[in-house]
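Student: Before anything else, here's the structure in question.
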Ligand SMILES: Cc1cc2nc3c(=O)[nH]c(=O)nc-3n(C[C@H](O)[C@H](O)[C@H](O)COP(=O)(O)OP(=O)(O)OC[C@H]3O[C@@H](n4cnc5c(N)ncnc54)[C@H](O)[C@@H]3O)c2cc1C
Ligand SMILES: Cc1cc2nc3c(=O)[nH]c(=O)nc-3n(C[C@H](O)[C@H](O)[C@H](O)COP(=O)(O)OP(=O)(O)OC[C@H]3O[C@@H](n4cnc5c(N)ncnc54)[C@H](O)[C@@H]3O)c2cc1C
Ligand SMILES: Cc1cc2nc3c(=O)[nH]c(=O)nc-3n(C[C@H](O)[C@H](O)[C@H](O)COP(=O)(O)O)c2cc1C
Ligand SMILES: Cc1cc2nc3c(=O)[nH]c(=O)nc-3n(C[C@H](O)[C@H](O)[C@H](O)COP(=O)(O)O)c2cc1C
Ligand code: FES
Ligand code: FES
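Protein chains in written order, with our numbering: chain C, 98 to 398; chain L, 98 to 398; chain W, -19 to 298; chain U, -19 to 298.
Below is the structure:
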């Protein structure tokens, strides 16, 4: 399992090749051969929005749905969530857009065939089909669970032709009524999976981790934190993650993530749209106060 | 000769019906029936630029090229002069744009048939064909002079089918080599015109006024001052104009103009992209100092 | 559910809705009335008026900036006597509620302007409040803006207060260009201001890179528009917080700075504003004072909030 | 014609071009180096570093605003010892010229950080100048930002100056959130700063209107981006004018605030900046530090101006 954190990031002006509705989402295909050649599942791209006269400076991030290194195309799935995404959903074929990528650490893929369960919530399904394919190519058995609030916000149920698929919706408009995590324990048991991958809203990722952990299943989750730069220079996209050394750090989800081992994420610090700094985090105000206190004690002795 | 300063201003979202190149300019036709019904030559419209995500707040002003109250269309001619106009020149049929109008005081039109000379410089030609028609409909003889730096920046030479036309370019790429004002004295003499109308850059308007004045010819000029609001509320678009009472005031070119009697404009205050406040202007620092001085003298007596 | 948009400016001044025009961004009413009825606007704030007619500065008087603009008008206007003779009767004739903004080059001039205004026949019927624009230069103090100095700010208020009946509240308009705006707020309130308007423009400069000289005739200009909204929200927040903490006298705040939508107006309200002015946004959309009020009502309706006034400063509780 | 883009920061520090990164907008180099060679940037300004590792604040740490953004990072970083051990050697290894930004919660901490930096084995080879970020809170003085107070500003400089060889100029970084920035500039220069960096961010707040609470975890944030450029130009202009008039000591100014294009860089230069930093624009276009330098060169070439350094402050002459 390797990462690409040190690899080249490409900044390109990409032509939109196709743009079409997909339920409540917009499915966009653009030409970015450098990105298509380098990207792996779990990585994302960042698009500039609003064109030349834009008052929106920050880029918007999107999981890569899939790439085709042969044709040089990159695909994303976009929900209209605000002014930036609205601008993107109005792009039509022939227009150009500034794209940065591939960004972030991809999902780690096992070297040996391993049974896996993949879970996608809403547009979080987008990268799962490509990931499924990569895993299957490695000989892994893959089960896929897609969930959403409603059928219209379910992405890609039609794309899962080669993967056993379970669908859930909150309102029962498609598949099983309930959460995407509901069928997870049963699936893990029946498939004997030891690996899970999830992409979707934070509460879902937390729930996936909570189901997997007691069963000894590793859960890799792709988080979605508000990002200003996407390339690791601004420090806005952090969340508390426990390192290999057991120390919690505020880690940048754009370069150290967006994929993390769910067991290492300090979920209890994340609530209600906010992330607090755990008291034992490296360099937290609490830990610095303790440090200074200890230093003072030391010097007074 | 009446003005429309008190009339209703319409703020509409207008569909672009047609957009095409015209030399270096872009000729735009949009649907705005309220504006088309009310507008008269010399008035202008103000367009919002950049769409929903725009960081450009201020509207851009354009002389109305012509209107068709029957079809409800309004036409303008746009030079790519910066980010706002660039955005406008990229509009295509089917898109929508926010338009405000009709704005400003139209050219005054004589009640009696009167021989006139019309002069347009660069895109300043745009309103002249419509004005010519209105004057001809009143029985006026009309001569038209169009000038520009180069042939590509000459607008509408092909539109002057019913008007005697003289063309000038600075570089001689079309018509007479020289300034649009060069043929003016001769034309005034031969046609016996007592009225001139001009639209174009400030130095041209000043020159037209200077040629006309000694000959007793009234020159109405449409000025182009930098405007923030276009509707008379911000006070950015002023220039010093002598009123009927002989007093100079900093007058708003968007509601008291853009058409002014050239003889009333204090051209000497306008130079090098700046307009100074004449010392004898109402409320100028100099005149207020004099006022205070007089008051002090009065009270000391 | 009907939403009650009434805004309470204190001293019995209730406005039918909390969305006002900002001084200098709507002239004195006639021009905007060509687009819609200004009597429907919460209150119409007039262009700051001085004693004598003012030519204002030379041009360029403005520069567009990213999501904002610089202006350097120089308070062009008719002077208080012409204002009282022409503008006030017109505002009355259309049934507008006016908040009259006054200015001066000396504290005595402020008082003189206030006196002439209060003496106007249309004063009682038309003027809901007076805005004292102390964010303008004090000629006696090296041209330093009054509101950059607590003592100068207080002096203006002390001279104006006796000229104005207590039923017509005085709002001091503050500049954000200070190290601590709560100090100026306190000075103005302690000297008798019954409310505050925040913020005026930020001082800015634009260079014409072609001509390699300052773009504005008057060199400096005031920065306004959505670009400055975070600064306006911060100023309102700080002063409201100081009031809650009892560090300065409590009084209503009128918020202004970068408001373009109903949501923006809500933002300033939640930070502590009892009413909100729309300025530069008018140049983008001259119907914005009416639109913002409508959007604000729609927002409250959609969220099931029955009374606007209940939202003032509410973000301080969460 | 070849254009000479050399920027002169005084004390013999010449940079091959005047376009730098802004502290905190480019981390410590590794990340941006994935896009292009940071050794080609005029100088790489590192994220402000304190003595100890810093977790920074909780999130949200940013809010997008019209043509700008608010940030509230809380100086997250490795601490000076890890910086000296890992970041500085890396910067040296790629041949970058670094300007190291230092910060502290007390003036003593600033001095301690400077001392550790100067003692680093890679210091001489890599550090062209030090930026003293006094636009951060002074814990001893109720969390008031040093650069809001002339005395605190001077104290930091007085303690840092003796730690640093004179051949490594110290640039004090100022906040625009003051009534008169020339007073702070004078305090910093008189206390030994050899240059000034202007401006840091403006204090702002954003309210989350859905949740009706402040959007940022840390309540206030710093406003940056093109939205604030007119304020940066004004601050540079005022300080440069005060230097020309002999009211404060003369020293080079590094301009920062809203630069996105070569023309923006030229604007700050004409106002008085000897070099220019690119900050928030990097988030929009991570190649902007390189692009802005290229555009600036092209602009000068197109206008037949052979030397960048001849343009510094030129708008004051017209
Ligand atoms: C790694 C990653 C992958 C993502 N993948 C997808 C995807 O495949 N499909 C999709 O539709 N969306 C995806 N998102 C979310 C998408 O980036 C946001 O919906 C979008 O940024 C919102 O921008 P806006 O202008 O429409 O909304 P606004 O709310 O107006 O945005 C305002 C600011 O907040 C930031 N912001 C707001 N919401 C989010 C969010 N959820 N995540 C990150 N930043 C946010 C924006 O970038 C912007 O700077 C992803 C986000 C991340 C971080
Ligand atoms: C009454 C009137 C009629 C006009 N008619 C036409 C026309 O028919 N065709 C045409 O191509 N142009 C016309 N113009 C000029 C046109 O408005 C400007 O070219 C345009 O505003 C420039 O905007 P920009 O974003 O492209 O350039 P920028 O230079 O980036 O504009 C920056 C700011 O300055 C203002 N500005 C810049 N130049 C001018 C200018 N010359 N006049 C007014 N404001 C300016 C802009 O409105 C904007 O606020 C007219 C202007 C006025 C006032
Ligand atoms: C062109 C213009 C003229 C202004 N004139 C005045 C004025 O006369 N008196 C005043 O108190 N404020 C004046 N202002 C400031 C506004 O009232 C307001 O405080 C500021 O612009 C911030 O609000 P906004 O971002 O909504 O424009 C003016 C602003 C602009 C843009
Ligand atoms: C995310 C972010 C982090 C910043 N961190 C620092 C910092 O650590 N030290 C510092 O002196 N300035 C910091 N700044 C301020 C910038 O260096 C710069 O002064 C300011 O953003 C204005 O420039 P800009 O508009 O080009 O961004 C930061 C700015 C941003 C946006
Ligand atoms: S988004 Fe900037 S560091 Fe992650
Ligand atoms: S453009 Fe605003 S008054 Fe003329």
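Think of the CB as a built atom: it goes at the ideal place given N, C-alpha and C, for glycine as much as any other residue.
1. How big is the Cα-Cα spacing for residue 100 of chain W and residue 144 of chain W?
2. Less than 7 Å between CB atoms is the rule here; does residue 301 of chain L satisfy it with respect to chain W?
3. Mind pulling the chain U residues with CB within less than 8 Å of residue 243 of chain W?
4. If I measure Cβ to Cβ from residue 374 of chain C and keep anything under 6 Å in the same chain, skipping five residues before and after, which residues do I get?
5. Which of the residues in the region 130 to 147 of chain L, read from start to end, lie with their CB under 7 Å from any CB of chain W?
6. Counting only Cβ pairs nearer than 8 Å, list the residues of chain B close to residue 251 of chain U.
7. Can residue 122 of chain C be considered in contact with ligand 2, in the sense that its beta carbon sits closer than 6 Å to one or more heavy atoms?
8. Would you mind giving the Cβ-Cβ distance between residue 81 of chain U and residue 136 of chain U, rounded to the nearest angstrom? I have them listed as a contact below 8 Å.
9. Are the C-beta atoms of residue 117 of chain C and some chain U residue less than 7 Å apart?
10. Residues in the region -2 to 14 of chain W with C-beta within 7 Å of chain L's C-beta atoms, listed in sequence order?
11. Taking one C-beta from the region 346 to 362 of chain L and one from the region 178 to 187 of chain L each time, how about it: are there three or more such pairs within less than 8 Å?
12. Along chain W, which residues have their Cβ under 8 Å away from the Cβ of residue 157 of chain U?
13. Please state the DSSP three-state secondary structure of residue 191 of chain W.
14. Please list the residues of the region 192 to 207 of chain U that have a C-beta atom closer than 8 Å to any C-beta atom in chain C, keeping them in chain order.
15. Whole-angstrom Cβ separation of residue 110 of chain W and residue 60 of chain W, contact assumed at under 8 Å?
16. Which residues, in order along the region 27 to 49 of chain W, keep a beta-carbon less than 7 Å from a beta-carbon of chain U?
17. In whole angstroms, what separates the C-alpha of residue 371 of chain C from that of residue 197 of chain U?
18. When we look at the beta-carbon of residue 113 of chain U and count the other beta-carbons within 10 Å, is it buried (16 or more) or exposed?
19. Taking CB distances under 7 Å as the criterion, tell me whether residue 235 of chain C reaches chain L.
20. Any beta carbon of chain C sitting closer than 7 Å to that of residue 152 of chain L?
21. Closer than 7 Å by C-beta to residue 239 of chain C: which residues in its own chain qualify, once you throw out the five before and the five after it? Chain order, please.
22. Just checking residue 253 of chain W against ligand 3 - is the residue's beta carbon closer than 6 Å to any of the ligand's heavy atoms?
23. Report whether the distance from the Cβ of residue 135 of chain U to the nearest heavy atom of ligand 2 is below 6 Å.
24. Taking just the CA atoms, how far does residue 272 of chain L sit from residue 144 of chain L?
25. When Cβ atoms are compared, which residues of the region 302 to 335 of chain C fall closer than 7 Å to chain U?
26. Could you name the residues of chain U that residue 246 of chain W contacts, counting a contact when the two beta carbons are closer than 7 Å?
27. Determine the direct distance from the alpha carbon of residue 118 of chain L to that of residue 111 of chain L, and round the result to whole angstroms.
28. How would you call residue 115 of chain L, buried or exposed, if buried means at least 16 neighbouring beta carbons within 10 angstroms?
29. Could you give the uninterrupted runs of the alpha helix (DSSP H) lying entirely in the region 314 to 398 of chain C, keeping only those of 4 residues or more?
30. Just curious, the beta strand (DSSP E) that residue 51 of chain W is in, first and last residue?
31. Would you kindly work out how many angstroms separate the C-alpha atoms of residue 170 of chain U and residue 134 of chain U, rounded to a whole number?
32. Does at least one heavy atom of ligand 1 sit under 6 Å from the Cβ of residue 50 of chain U?
33. Of the residues U:186, U:200 and U:182, which one's Cα is nearest the Cα of residue 215 of chain U?
34. DSSP has residue 111 of chain L in a bridge; who is on the other side?
35. Mapping the DSSP letters down to three states, classify residue 152 of chain C as helix, strand or coil.
36. Just to confirm my understanding: we take residue 267 of chain C, look at its own chain, exclude 5 residues before and 5 after, and list those with CB closer than 6 Å. What are they?
Tutor: Working from what's here:
1. 12 Å
2. no
3. 189
4. 381
5. 145
6. Checking the listed chains, one finds no chain B in this structure; the protein chains it contains are C, L, W and U.
7. Every heavy atom of ligand 2 is 6 Å or more from the Cβ of residue 122 of chain C, so no.
8. About 13 Å separates the two Cβ atoms, so there is no contact after all.
9. Against chain U, the CB of residue 117 of chain C has no partner CB under 7 Å away; the residue lies outside that interface.
10. In summary, the residues of the region -2 to 14 of chain W whose CB is separated from some CB of chain L by less than 7 Å are 5, 6, 7, 11, 12 and 14, in the order they occur in the chain.
11. no
12. 159
13. coil
14. 197, 205 and 206
15. About 12 Å separates the two Cβ atoms, so there is no contact after all.
16. 45, 46, 47 and 48
17. Taking C-alpha positions only, residue 371 of chain C is separated from residue 197 of chain U by approximately 7 Å.
18. buried
19. no
20. yes
21. 213, 215, 229, 232, 233 and 260
22. no
23. Answer for residue 135 of chain U: no, Cβ out of range of ligand 2.
24. Cα to Cα, the separation comes out at about 33 Å.
25. Cβ contacts with chain U: 322, 323, 325, 326, 328, 329, 330, 331, 332, 333 and 335.
26. Here the neighbours are 189.
27. 20 Å
28. exposed
29. 382 to 397
30. Start and end: 48 to 51.
31. 8 Å
32. no
33. Ranking the options by Cα distance to residue 215 of chain U, first place goes to U:182.
34. Residue pairing of residue 111 of chain L in beta bridges, as defined by DSSP: L:194.
35. Looking at residue 152 of chain C - three-state DSSP - the assignment turns out to be coil, as it is neither helix nor strand.
36. 246
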